[in-house]
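Shown next, in structure tokens, is the structure this report addresses.
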Amino acid sequence: MMILTWGLLIVVAVLLVWGVAIYNRLVQLRNRIANAFGQIDVQLKRRHDLVPNLVEVARAYLAHESATLEAVIRARGQAQTAAAAARAQPTSAASIGALALAENALGGSLGRLMAVAENYPDLKADATMKSLSEELTSTENRLGFARQAYNDQVLDFNNEATQFPDLIVARLLGFATAAMLEATRNEAERAAPQVRF
Amino acid sequence: MRFFDHQQAARAETRRLLLAFVLAVILLVAAVHGALVLAWLLLAAFISALLPVSLSFPTGFLAVNVGVSLLLVLGGWWVETSQLRAGGLRLAQRVGAREARPSVSQAEQRFCNVLDELCIAGGVARPQPVVLARADAINAFAAGWDEHDAVIAVTQGALDQLTREELQGMVAHELSHLREGDTRLKMQLAGMVYGLELVYNFGDTVRERGGLGTLFGSAIMGAGFAGWLAGRMLKAAVSRQREFLADARAVQWTRSRDGLGGVLRKVMTQRRDGAMQRLGRSGIDHPALQHMLLVEAGADGPWADWFASHPTLAQRVRRIYGRPMGPLPLAPQPDNSAIFAAGPFSELAFDGKAP
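In the order they appear, the protein sequences are chains A and B. Position one of the first sequence corresponds to residue 1 (this note's numbering), numbered consecutively onward. Position one of the second sequence corresponds to residue 1 (this note's numbering), numbered consecutively onward.
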């Protein structure tokens, strides 16, 4: 009887330690997803900060294209508002969706600005413009890589949370699988701002 | 999670290597002792043939042999690693590299940006970007004991000849070395080989004294040479595997074969055209650097394959593309001119000779 009790106690203790280890690992992975999302936010901020400089330089050469410039400024304002809302409610699917929409609009208007700039050799030759367009290219790349990193983290978490035996702990303690970012929903969105300088 | 898994793999690799090194050292010490015993026996036989005396081993023969060779090996390792431990930036400065600044030129701005992008992709702390401004050959290296003093250096030739995508592939390769702890591993290995080399050098010194020293010196040299040879092969074999790993990782991060592939194929062209004249003065031929470079500064010979720290360019290109590919013509990048016209740093570009 004594041996049976001790045996049971040991089994329970081992199970408990094992469960705690899995729980800690899942929490760690979930925190990394949050961190990866923070990275995307940082890069969006960078994009927003870049736009006024770009418009300022372009304005000197593009006197007749004020509509295009205004569209960029407007899109940037909307994206900033959406980003602030998403930061306040990071878990809300609606605010994230609105942010994605606003960012796509900003990307689109930036793309149009760059397409227009193609027709102005003076602007293309401007050293500040060259420097800014390199920054824009880099920012688009950083956004892409940050999304890639985010999706990699989500994959790691989902792999862990949906595989046996971790699955048991994840289900018992209510770890939901995370959703990956979809880069594009349709062809039009897939068109990244073309920067050719 | 990959991050930690790979670090673990690198640590396991280091343990295996350390084990192999300990084995090599034990064998070397045994070989030195064996060679000296042989030399002593030869001497004793020679003397007893001439004179009616028999020589016994001097007291503490074994202890002195083992002690001296161990001291040489471990001391050499320690000295060399503590020099390298001074940091990646120090090493880069020693070979004449300077900090990369986005304000200097379009190309350096691009280099700094590319590095930042890939640090996001790889989830690594940002190393210090530096430029080897006097080197025409396309090349790069990563160095650093830990992530606080890590540097990534590229040559001016790379900045001039590579497209943005290719630069990305190149930086990704070097960043992989940093993330996997390869730079540290390679520094350790270099220290080990230096320690083994010291035994050989010591034998040489003893031999030059002449007389009996010739016999004993040669014995030590023979044993030391075998150890040094084994050490170098061990180091080179590990290094080649790490190169393949870094190539694969560069392709994974950039999702592009043409990035790094383009770099290697342009290096092929440079090699073919012999466009390496400025190599000698550029600092890139520094011996402490050879095993860290993107592509070796050039080694040939019948045994080169055994001691090469890098697989051949053709082998690497074949692995990247899945089939052999030819050299790619060089194409100087149009936008690499210095930024003279604009920016608060414009006076920097004039090198102090402002009007």
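We put the beta carbon where it would ideally sit given N, CA and C, even for glycine.
May I have the straight-line CA-CA distance separating residue i from residue j, to the nearest angstrom?
i	j	result
B:Ala125	B:His148	8 Å
B:Val66	B:Ser309	31 Å
A:Ser66	A:Arg47	21 Å
A:Val116	A:Ala60	14 Å
A:Glu135	B:Phe111	11 Å
A:Ala105	A:Ala75	6 Å
B:Ala45	B:Leu215	14 Å
B:Ser256	B:Gly217	55 Å
B:Leu89	B:Ile152	9 Å
A:Asn31	A:Gly19	18 Å
A:Glu56	A:Ala125	16 Å
B:Gly404	B:Asp247	The shown model of chain B, from 1 to 355, leaves out residue 404 of chain B, and the question about it has no answer.
B:Met268	B:Pro327	5 Å
B:Leu245	A:Gln153	21 Å
A:Gln148	A:Phe157	14 Å
B:Ala97	B:Gln128	11 Å
A:Asp166	B:Ala150	37 Å
B:Leu23	B:Ala190	17 Å
B:Arg184	B:Ala86	12 Å
Grab the span of the alpha helix (DSSP H) containing residue i for me, first residue to last.
i	result
A:Leu4	2–61
A:Pro121	121–125
A:Ile73	66–88
B:Ile320	313–321
B:Ser256	That residue, B:Ser256, is in no alpha helix (DSSP H); it is neither H nor E in DSSP.
B:Leu55	Where B:Leu55 is concerned, there is no enclosing alpha helix (DSSP H), given that its DSSP letter is neither H nor E.
B:Ser176	164–179
B:Ala190	182–208
A:Arg171	166–172
Is the CB of residue i under 9 Å away from at least one CB in chain A?
i	result
B:Gly259	no
B:Glu166	no
B:Glu117	yes
B:Gly262	no
B:Gly169	no
B:Trp40	no
B:Gln333	no
B:Asn113	yes
B:Arg278	Note on B:Arg278: pLDDT 46, under 50, position unreliable in the model; the coordinate value appears next. Not closer than 9 Å to any Cβ of chain A, the Cβ of B:Arg278 fails to qualify, so no.
B:Gly87	no
B:Gly123	yes
B:Arg249	no
B:Gln161	no
B:Arg110	yes
B:Ile152	no
B:Asp300	Confidence is the limiting factor: at B:Asp300 the pLDDT is only 49, short of 50, which leaves the residue's position unreliable, though a coordinate-based value still follows. No - not a single Cβ of chain A is within 9 Å of the one on B:Asp300.
Using a Cβ cut-off of 9 Å (strictly closer), state whether residue i contacts chain B.
i	result
A:Thr137	yes
A:Asn141	yes
A:Lys130	yes
A:Met65	This sequence places Glu at residue 65 of chain A; Met is not what is there. By this cut-off, A:Glu65 is not an interface position.
A:Gln146	What sits at residue 146 of chain A in the sequence shown is Ala, not Gln. Yes, A:Ala146 lies at the interface with chain B (some Cβ there is under 9 Å from its Cβ).
A:Glu134	yes
A:Ala86	no
A:Ala149	yes
A:Met180	no
A:Gln163	no
A:Gln89	no
A:Gln80	no
Sorted by chain position, which residues of the same chain lie with C-beta nearer than 7 Å to residue i's C-beta, five sequence neighbours on each side aside?
i	result
B:His33	Leu62, Asn65, Val66
B:Arg101	Glu108
B:Ser69	Leu28, Val29, Val32, Val199
A:Thr5	none
B:Gln277	No answer about B:Gln277 holds up, because its pLDDT of 47 lies below 50 and its placement is not dependable.
Tell me which residues share the same chain as residue i and place their Cβ nearer than 6 Å to its Cβ, disregarding the 5 neighbours each side in the sequence.
i	result
B:Gly195	Val73, Gly76, Trp77
A:Leu113	Thr68, Val72
B:Arg232	Val193, Phe307
In the DSSP output, what is residue i paired with across the bridge?
i	result
B:Ile152	B:Pro129, B:Ala142
B:Arg272	In DSSP, B:Arg272 forms no bridge with anything.
B:Arg98	B:Val131
B:Leu365	Not covered by the structure: residue 365 of chain B. The range shown for chain B is 1 to 355.
Return the chain-ordered list of same chain residues with a C-beta closer than 8 Å to the C-beta of residue i, the five sequence neighbours on each side being excluded.
i	result
B:Leu264	Val295, Leu313, Arg316, Val317, Ile320
B:Thr155	Val131, Leu132, Ala135, Asp136, Ala137, Ile138, Asn139, Ala140, Ser282, Ile284
B:Arg164	Arg110, Val114
A:Arg87	Asp41
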